[in-house]
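Asks: Here it is, the structure, as C-alpha cells.
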Amino acid sequence: MPTVLVYYLDDSRDCKRFAIVVSRIQEFYGRAANIIPVNVDSIPAKDIYTKEESGYYYQDIIPQTVILDSEGKKIFDGKGQVKYEAVDDVLREVFNLLPRSESVELKRRIVNEFNEELR
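For the sequence shown, the numbering used here assigns the number 170 to the initial residue and increments by one for each residue that follows.
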C-alpha cells in the first residue's frame, strides 16, 4: 500500500495552513494509502537513519510531504506549501487513475439531496 508521510510541527503557522491539504488527501485516498503525520519534534536526533525510521526522509523543512509507492520507493518529495493537485497527480499515477483533466469532477452531495433519497 502506498504511503504519504507528512512532516509537521504543532506550532507552525505554515503547517496549520497545510492541514487543509492533508485533510483533502485523507478524504480522497485515506482508504487506499497509509497517510502518516510525523511530528518532527518526535524524530530522534542522530546522524544516520534507516529506511524504517521516520527521520530517514525528513530534510529539515516543514511542512514536507513524501510519497512512497507500494515497494517503499520514494516517488515524491514536496517541501513547503505543496498544492493538493501536485500530490493528487502523483497518487493518480500510483493508483492508475485517469488524469484530472480527463476525469469527471467529483462533487459532494448536498445534505438535503441525501435526505430525499432516504424517504
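In this text, a Cβ means the ideal position worked out from N, Cα and C, and glycines have one as well.
Nothing here was measured: the structure is a model prediction, and the numbers come from that model.
(1) Is there contact between the segment 190–200 and the segment 209–217, where contact requires at least three CB pairs shorter than 8 angstroms?
(2) Can you tell me the Cβ-Cβ gap for residue 251 and residue 204, rounded? I've got them flagged as a contact below 8 angstroms.
(3) Quick one: using the 10 Å Cβ neighbour count with 16 as the cut-off for buried, is residue 187 buried or exposed?
(4) Check the C-beta distance from residue 179 over to residue 208 and give it rounded, since I have them as a contact under 8 angstroms.
(5) Residue range of the beta strand (DSSP E) that residue 237 falls in?
(6) Three-state secondary structure (DSSP) at residue 174?
(7) To the nearest angstrom, how far is it from the Cα of residue 224 to the Cα of residue 235?
(8) Taking the C-alpha atoms as reference points, what is the distance between residue 222 and residue 267?
(9) Among the candidates 263, 264 and 254, whose CA atom is the shortest distance from the CA of residue 270?
(10) Quick test of your reading: residue 226 and residue 242, contact by CB under 8 angstroms. State the CB separation rounded to the nearest angstrom.
(11) As an exercise, report each continuous alpha helix (DSSP H) stretch of at least 4 residues that is fully enclosed by the segment 202–271, in chain order.
Replies: The relevant details are as follows:
(1) Proximity of the segment 190–200 to the segment 209–217 falls short of the contact definition, fewer than three beta-carbon pairs being nearer than 8 angstroms.
(2) 14 angstroms between Cβ atoms; not a contact.
(3) Buried, because 16 or more other Cβ atoms sit within 10 Å of the Cβ of residue 187.
(4) Confirmed, about 7 angstroms.
(5) Membership of residue 237 in the beta strand (DSSP E) is indicated by the continuous run 233–237.
(6) In the structure shown, residue 174 adopts extended strand secondary structure according to DSSP, grouped into three states.
(7) Between the alpha carbons of residue 224 and residue 235 lies a gap of roughly 12 angstroms.
(8) Each residue's alpha carbon lies about 33 angstroms from the other.
(9) Ranking the options by Cα distance to residue 270, first place goes to 254.
(10) Between residue 226 and residue 242 a beta carbon distance of about 11 angstroms is seen, past the 8 angstroms cut, so the two are scored as non-contacting.
(11) Segments of the alpha helix (DSSP H) lying fully in the segment 202–271: 253–263.
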